[in-house]
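Quick note, the sequence shown lines up with residues 1 to 418 if you use our numbering. Just so you know, even glycine gets a beta-carbon here, dropped at the ideal spot from N, CA and C.
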Amino acid sequence: MNRSLYSTIGYFLLPFMILRLMIKGIKIPKFRQRVNERLGLISKIQAPVIWVHCVSIGEFKAAIVIIDQLIKQYPNHQLLITTTTPTGSNAVINHYQNKVLHLYFPYDLPLIVRRYIKKINPKICLLLETEIWPNLIHKLNKNNIPTLLINARLSQQSKEKYQKFTSNLIKQTLNKLSLIAAQNQNSANRFIELGTKNNNVIMTGNIKFDQNTKPDTTISNALQAIISKRKTVIFASTHEGEEAQIINEYLKHKHTINALLVIIPRHPERFDAVYKLAKNANLNVIRRSENQPAQNAQILLGDSMDEMMSYFDIADIVFMGGSLSNTGGHNMLEPAALAKPIIFGPNVFNFTEISSDLLKQNAAIQIQNVTGLFKIIIVLLNDEQQYKVLGNNAQQYLYSKQGAVENTLQLIKKFLTL
1 MNRSLYSTIG YFLLPFMILR LMIKGIKIPK FRQRVNERLG LISKIQAPVI WVHCVSIGEF
61 KAAIVIIDQL IKQYPNHQLL ITTTTPTGSN AVINHYQNKV LHLYFPYDLP LIVRRYIKKI
121 NPKICLLLET EIWPNLIHKL NKNNIPTLLI NARLSQQSKE KYQKFTSNLI KQTLNKLSLI
181 AAQNQNSANR FIELGTKNNN VIMTGNIKFD QNTKPDTTIS NALQAIISKR KTVIFASTHE
241 GEEAQIINEY LKHKHTINAL LVIIPRHPER FDAVYKLAKN ANLNVIRRSE NQPAQNAQIL
301 LGDSMDEMMS YFDIADIVFM GGSLSNTGGH NMLEPAALAK PIIFGPNVFN FTEISSDLLK
361 QNAAIQIQNV TGLFKIIIVL LNDEQQYKVL GNNAQQYLYS KQGAVENTLQ LIKKFLTL
């Protein structure tokens with residue numbers, strides 16, 4: 001596939017993509033709001049712009065340590081943060097208020113990205129992780145705007161898909177980037193295997209190790225008041241299908257598990273569906289939003305946003321969702337920062353190296369299915385010493401890998417002073 005064919009397919013699909021937003025907007029109105037931004041219909045920005053793109057809330061939370069430093073080091077520049085999802089948008093607006101500009105990311109079509117770039121005229125564009133957009137990167141390159149893929153990661157699965165379906169297009173696109181700053185050597189090697197020139201790939205480390213995300217003590221105290229002195233197992237960032245597995249397995253062990261289960265779906269639009277799952281299983285479930293004591297509850301539904309670190313703060317055991325489904329897992333380093341014992345499932349291809357390192361350091365436990373998950377939960381609930389060792393090892397591993405933010409900022413500085 002070449003870029004012309006890619007663009008033709010994109011123009012054909014554009015009406016369907018907009019229709020999809022409208023349909024999603026029936027349940028979640030924010031999906032159908034500000035569509036003009038996705039089409040490049042935005043106002044001109046006068047100040048010099050540093051553009052940071054974070055597809056959703058996970059990438060944004062990782063990028064905060066970089067964004068904070070960019071705000072501090074470049075006071076005469078305007079930080080523009082773009083996201084693709086409403087949850088990412090909410091996170092940016094809630095966290096930074098008016099300290100940064102926020103827009104939705106444009107559809108990757110030539111006419112749209114040309115108009116978008118003309119309006120914002122960035123001095124540099126920083127794309128997070130695997131945000132590889134052929135038309136956008138082509139236009140930025142053509143306009144001599146430095147474009148860096150930072151905290152870049154590439155799983156073996158993604159590499160094989162690119163090689164199978166878009167090998168020529170991906171090779172051309174990657175070589176139009178000014179630099180790829182990879183999280184680890186395995187990702188760096190995969191980018192090179194896709195055809196990136198060796199001198200265009202640098203291993204800087206993973207900025208997620210440098211996150212200074214701390215729990216809000218007010219929120220932690222409110223959660224602690226809800227759970228009181230009960231032991232707590234957190235099921236964080238769960239996806240469709242995982243909650244049903246968790247609830248069905250819990251039903252087999254509910255009389256032997258003396259702990260409160262806290263299920264926090266990854267996407268807020270699924271809060272109600274997960275609540276119904278628990279109610280239909282005849283379980284005593286309450287919502288975090290109700291702010292009621294949980295002394296008689298079996299399940300607490302975490303139907304709140306931007307409170308994940310506080311959930312981890314009050315946890316005894318943490319299971320990271322997205323790993324029993326085929327999502328690829330979520331960020332294990334957040335509970336590690338708080339010295340919490342971490343369990344994850346078999347599908348962690350988004351965190352291959354981190355999950356492998358945690359296992360080698362006796363800092364996490366991997367299970368193959370939900371049956372194994374509950375066996376481990378029961379063991380740990382009855383062995384406080386073991387789960388404290390796991391948590392402390394996880395925290396020490398996190399500390400040992402820090403430094404990526406400074407490495408990345410030094411690279412950005414070189415391009416912004418050209």
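Secondary-structure assignment with DSSP links TYR104 through a beta bridge to THR83. Counting the other CB atoms within 10 Å of its CB gives GLU193 a total below 16, which places it among the exposed residues.
Residue environment analysis places GLN298 among the buried positions, since at least 16 neighbouring C-beta atoms fall within 10 angstroms of its C-beta. Ranked by Cα distance from LYS30, the first of THR204, HIS77 and GLY88 is GLY88.
Secondary structure at LEU109: coil, using DSSP grouped into helix, strand and coil. By the CB criterion at 9 angstroms, ILE367 and PHE312 fall outside the cutoff.
When LEU411, LEU111, VAL113 and SER56 are compared, the shortest CA-CA separation from ILE93 is found for SER56.
CA-to-CA, the gap between THR8 and TYR107 works out to about 13 angstroms.
The residue among THR130, LEU380 and ALA364 with its C-alpha nearest the C-alpha of ALA188 is THR130. Minimum Cα-Cα distance from SER43 among the listed residues LYS360, LEU103 and TYR11 corresponds to LEU103.
With three or more CB-CB distances shorter than 8 angstroms, the region 225-234 counts as touching the region 300-320.
In the structure shown, HIS53 falls within a strand segment according to DSSP collapsed to helix, strand and coil.
Sequence-distant Cβ neighbours of ILE207 in its own chain, meaning closer than 7 angstroms and more than five residues away, are ALA62, VAL65, ILE66, ASN151, ALA404, VAL405 and THR408. Taking the Cα positions, ILE219 is about 18 angstroms away from LYS340. If you look at ARG20, you'll find it in the alpha helix (DSSP H) that goes 3-27. VAL348 is classed as buried because its beta carbon has at least 16 other beta carbons within 10 Å across all chains shown. In the displayed model, THR218 falls within a helix according to three-state DSSP.
Looking only at ASN121, THR327, THR166 and PHE209, the smallest Cα-Cα distance to ALA336 is reached by PHE209. Boundaries for PHE312: no beta strand (DSSP E) harbours it, while the alpha helix (DSSP H) harbouring it runs 308-313, taken from the DSSP string. Apart from the 5 residues on each side of it in sequence, GLU269 sits with its Cβ closer than 7 angstroms to the Cβ of LYS27 and ILE28 in its chain, given in chain order. Its chain contains TYR162 and LEU194 as the residues whose beta carbon lies nearer than 6 angstroms to that of ILE170, once the 5 sequence neighbours on both sides are disregarded; these appear in chain order. About 16 angstroms separates the beta carbon of LEU149 from that of VAL113, a gap too long to meet the 8 angstroms contact definition.
Taking GLU334 as reference, the option from GLN97, PRO215 and THR85 with the minimal CA-CA separation is PRO215. The Cβ neighbour count for MET308, taken over all protein chains shown within 10 Å, is at least 16; the residue is labelled buried. Judged by DSSP in its simplified three-state form, ILE71 adopts helix. For LEU149, the enclosing beta strand (DSSP E) covers residues 147-152. Three or more Cβ pairs closer than 8 angstroms define a contact, and the region 196-205 meets that threshold against the region 167-182. About 7 angstroms separates the CB atoms of ILE247 and LEU283; that is less than 8 angstroms, so the two are in contact. Proximity to SER289 across ALA222, ILE81 and CYS125 peaks at ALA222, based on C-alpha coordinates.
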